[in-house]
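Working notes for the structure below.
Protein chains: 2
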Amino acid sequence: MDRRSLLASMLAAALPASSVVSARAQAAALPSWQEGPAKASIMEFVARVTRPNSPDFVLADERIAVFDNDGTLWCEQPIYSQLAFALDQVKLLAPAHPEWQTQEPFKSVLANDLAGVVRSGEQGIFEIMTVTHAGMATDEFDRAVMAWTRTARHPRYHRGYTELVFQPMLELLEFLRQSDFKIFVVSGGGIDFMRPWMQAVYGIPPERVVGSSGMAKYVVGADGRPALIKDSKIDFVDDGPGKPVGIHKFIGRRPIFAFGNSDGDLQMLQWTAAGSGARFMGIVHHTDADREYAYDRNSSVGKLDKAWDEAMKERWIVVDMKQDWKVVFPS
Amino acid sequence: MDRRSLLASMLAAALPASSVVSARAQAAALPSWQEGPAKASIMEFVARVTRPNSPDFVLADERIAVFDNDGTLWCEQPIYSQLAFALDQVKLLAPAHPEWQTQEPFKSVLANDLAGVVRSGEQGIFEIMTVTHAGMATDEFDRAVMAWTRTARHPRYHRGYTELVFQPMLELLEFLRQSDFKIFVVSGGGIDFMRPWMQAVYGIPPERVVGSSGMAKYVVGADGRPALIKDSKIDFVDDGPGKPVGIHKFIGRRPIFAFGNSDGDLQMLQWTAAGSGARFMGIVHHTDADREYAYDRNSSVGKLDKAWDEAMKERWIVVDMKQDWKVVFPS
Chain A
50 MDRRSLLASM LAAALPASSV VSARAQAAAL PSWQEGPAKA SIMEFVARVT RPNSPDFVLA
110 DERIAVFDND GTLWCEQPIY SQLAFALDQV KLLAPAHPEW QTQEPFKSVL ANDLAGVVRS
170 GEQGIFEIMT VTHAGMATDE FDRAVMAWTR TARHPRYHRG YTELVFQPML ELLEFLRQSD
230 FKIFVVSGGG IDFMRPWMQA VYGIPPERVV GSSGMAKYVV GADGRPALIK DSKIDFVDDG
290 PGKPVGIHKF IGRRPIFAFG NSDGDLQMLQ WTAAGSGARF MGIVHHTDAD REYAYDRNSS
350 VGKLDKAWDE AMKERWIVVD MKQDWKVVFP S
Chain B
50 MDRRSLLASM LAAALPASSV VSARAQAAAL PSWQEGPAKA SIMEFVARVT RPNSPDFVLA
110 DERIAVFDND GTLWCEQPIY SQLAFALDQV KLLAPAHPEW QTQEPFKSVL ANDLAGVVRS
170 GEQGIFEIMT VTHAGMATDE FDRAVMAWTR TARHPRYHRG YTELVFQPML ELLEFLRQSD
230 FKIFVVSGGG IDFMRPWMQA VYGIPPERVV GSSGMAKYVV GADGRPALIK DSKIDFVDDG
290 PGKPVGIHKF IGRRPIFAFG NSDGDLQMLQ WTAAGSGARF MGIVHHTDAD REYAYDRNSS
350 VGKLDKAWDE AMKERWIVVD MKQDWKVVFP S
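Protein chains in written order, with the numbering used here: chain A, 50 to 380; chain B, 50 to 380.
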């Protein structure tokens, strides 16, 4: 070891690990993002809050970042993946329910008639969610979700749903993680539907997933073994004004970084923006019908209207999927 | 640098950081615990799940430890600290409420008549909790809690309540942290009452505190600033069978290590015990009237009866405060 490399390694050992990682991360970060204002504003924000001498420096422990899931981290078209899961579960459970052959909304589900399912309205969707998401132990539901992620295929891409995550956003998660952010998903989706696979797909552990939930009940079986049984009663809806409530309830402090893609994220972005110090608010705008989908103000899934206006007014960062992303999905 | 120390340092660099820390932690761990079966079983369990070659090895990411708070991490006598906070808040708010001078339960609170407060029953306690815990913004409540922790003094010890934490348990938290456990508080106490001070006192950040909660509502003021307003409606009671529900809801996986002190912790301990692989279930038994308090089966606060029987039957670890702890509070 020569003197110079000895000195360099001593210096590296004396620096906090995060500074070393941060400098390394900075150089190679976000390779799937085009050079442009969106990438630049992310890089600039992270540098501002992580450089020890920066006036906007934030302690690692307080670097809370929150991400919506549907349409922000993975594809939400043509229908929410959780609804696709529920429809597939109905088919799986159908042999034990011969009455479903003639009874709506199940008849439409079994006939692959999505328009019929939509015609069954909120009540129909609620019935589908109830038979597929309630009445079983949490462990059993976990296994059903994992089995589905392994076998189900998206109708357009013919790939597993958990492969239809946005490569540039995976890189953003990794960049924030290397910059010592604590990353949480804050989604309107079901918390029990998301947790089983998010560690493997996003590197986000169950305790950092916030979502909507049904009630659960603790019961001890005749064999003395306890279980948590999922109930059809709604416990918490983590959407719209529910998102800041969910952030307060599950995280207990205000994020400094938030990313969403629809009006359901408006209040989460507002709540993040209203804190003191440096803040980052980002929105994914789906502009790419060729590689993914193009939708905003008039979409029934992932409508982006009020949050779009607020983003313009408040100069939040809007990511143009077509312009800003070199690739959409992992290869 | 001679050849041997070079090799030693290369070896240390090649080992995962946690093994190095773990070995160091092991030697100096739990200095306020008497040598005896309780300390030995803690040390043995942590070694079993952290030694890479152990058949019971658990990945760091899955080392979830949960602790009750009242009576497990801090003193809960003669009344729960959160109730002491509420009574003090009533006095602070009284000048704006002249009617409280003649109106129960407030009249008894203002007269320091604890028996009178108790006579007001559940309804009285609910009214006290409502006026002190609801109707304000979450930020404002935070500040009230922090001000109280700085000024309030325990009637017996004349020390701040957050100084009346159990020194041996602080050491246990530190030992588990150094062994790469993820530590959560799972308490029947109010989540908003605990989070403001637990980072400084226990080293446990807000997102790892699970507790009871009231509803909160997101509102945007006339000035455009959003706030979360605390409501008197109960959202979640994190006690008894609520604890496994809270663990599932907030943490999303089953702990491998759980510590409590009362029947309110029974289901949390059962839920922990029922998982597969190595498990640790511990109970603090308050046996020390001289240094702290002595109570169990017949106590109105922190009753330890059914959980005691189950601990005997299932051979959970029962810590005898008088025998097992060299000191109770930090000096």
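Idealized CB from N, CA, C, for every residue including glycine.
So for A/I128, helix, strand or coil by DSSP?
coil
Beta-carbon proximity check, A/K371 vs A/R346, cutoff 9 angstroms:
no
Using a 10 Å radius around the Cβ and a threshold of 16 neighbouring Cβ atoms, would you call A/G301 buried or exposed?
buried
Please tell me whether A/G331 and A/G309 are closer than 9 angstroms, where the distance is taken between their beta carbons.
yes
Tell me whether B/F308 sits in a helix, a strand or coil according to DSSP, three-state version.
strand
Cβ of B/Q172 within 9 angstroms of any chain A Cβ
Contact with chain A is absent for B/Q172, since none of that chain's Cβ atoms lies less than 9 angstroms from the residue's Cβ.
Alpha helix (DSSP H) runs wholly inside the region 326-368 of chain A, at least 4 long, in chain order
355-363
Is A/S262 close to chain B? Criterion is C-beta to C-beta, closer than 9 angstroms.
yes
Rounded to the nearest angstrom, how far is the Cβ of B/H334 from that of B/V368, given a contact under 8 angstroms?
6 angstroms
Determine, using beta carbons only, whether B/D314 comes closer than 9 angstroms to chain A.
Output row for B/D314: interface = no.
Pairs of beta-carbons, one from the region 276-290 of chain B and one from the region 225-237 of chain B, closer than 8 angstroms: are there three or more?
yes
I want to see whether chain A comes within less than 9 angstroms of B/R364, judged by CB atoms only; does it?
no
On a CA-only basis, which of A/L353, A/L277 and A/M361 is nearest A/G120? Give me that one, please.
Checked all of A/L353, A/L277 and A/M361; the closest Cα to A/G120 is A/L353.
Per-residue burial, B/M218 [other beta carbons within 10 Å of its own, 16 or more giving buried]
Here B/M218 is buried. Its C-beta has 16 or more other C-beta atoms within 10 Å.
Pairwise C-alpha distance: A/A271 and A/R100:
A/A271 has its alpha-carbon roughly 58 angstroms from the corresponding atom of A/R100.
For B/K292, which residues from the same chain have a beta carbon less than 6 angstroms from its beta carbon, with the 5 sequence-adjacent residues on both sides left out?
V235, Q316 and M317
For a contact defined as C-beta to C-beta under 9 angstroms, what are the partners of A/T198 on chain B?
The contacting residues do not exist; A/T198 stays about 16 angstroms from chain B at best.
Chain-ordered residues of the region 88-102 of chain A with a beta carbon less than 7 angstroms from chain B
Against chain B - using a Cβ distance shorter than 7 angstroms - the region 88-102 of chain A contributes no residues.
If we ignore side chains and look at the alpha-carbon of each, how far apart do B/P65 and A/H182 end up?
Low confidence applies to B/P65: its pLDDT is 49, below 50, so where it sits in the model is not reliable enough to give any reading.
Limits of the unbroken beta strand (DSSP E) element including A/S262:
V258 to V269
Of the residues that make up the region 277-308 of chain A, which ones have a beta carbon closer than 7 angstroms to any beta carbon in chain B?
Listed in chain order, the positions of the region 277-308 of chain A with a beta carbon within less than 7 angstroms of a beta carbon of chain B are L277, P290, P293, V294, H297, K298, F299, I300, G301 and R302.
Is there contact here, the region 244-254 of chain B with the region 131-141 of chain B, by at least three beta-carbon pairs under 8 angstroms?
no
If distances are taken between C-alpha atoms only, which option among B/E223, B/E176 and B/M264 comes closest to B/T187?
B/M264
Taking Cβ positions only, does B/A183 come closer than 9 angstroms to chain A?
no
Does the distance from the C-beta atom of A/R387 to that of A/F230 stay below 9 angstroms?
Because residue 387 of chain A is not part of the residues shown, which for chain A are 50 to 380, the question remains open.
Assuming A/L225 is part of the beta strand (DSSP E), what are its boundary residues?
From DSSP, A/L225 is part of no beta strand (DSSP E) but of the alpha helix (DSSP H) over Q216 to Q227.
In the DSSP assignment, find the unbroken alpha helix (DSSP H) run with B/S157 in it and report its ends.
F155 to L159
Starting from A/D280, trace the alpha helix (DSSP H) both ways and give me its first and last residue.
Element bounds for A/D280: not the alpha helix (DSSP H) but the beta strand (DSSP E), P275 to F285.
Which listed residue (B/Q216, B/V268, B/E93 and B/N118) has its alpha carbon closest to that of B/W82
B/Q216
When you compare the CB positions of A/I232 and A/A77, do they come within less than 9 angstroms of one another, or not?
no
CB contact check: A/K355 to chain B, cutoff 9 angstroms
A/K355 is outside the set of residues whose beta carbon lies under 9 angstroms from a beta carbon in chain B.
B/T321 classed as buried or exposed, judged by whether at least 16 other C-beta atoms fall within 10 angstroms:
buried
Under 9 angstroms between C-beta atoms of B/F190 and B/D117:
No, Cβ-Cβ distance for B/F190 and B/D117 is not below 9 angstroms.
So which residues of chain A does B/A323 contact, with C-beta pairs closer than 7 angstroms?
Chain A residues near B/A323: R274 and P275.
Per DSSP, A/I113 forms a beta bridge with which residues?
A/K231
For the alpha helix (DSSP H) that contains A/I292, what are its first and last residues?
Contrary to the premise, residue 292 of chain A reads as Lys rather than Ile in this sequence. Residues G291 to G295.
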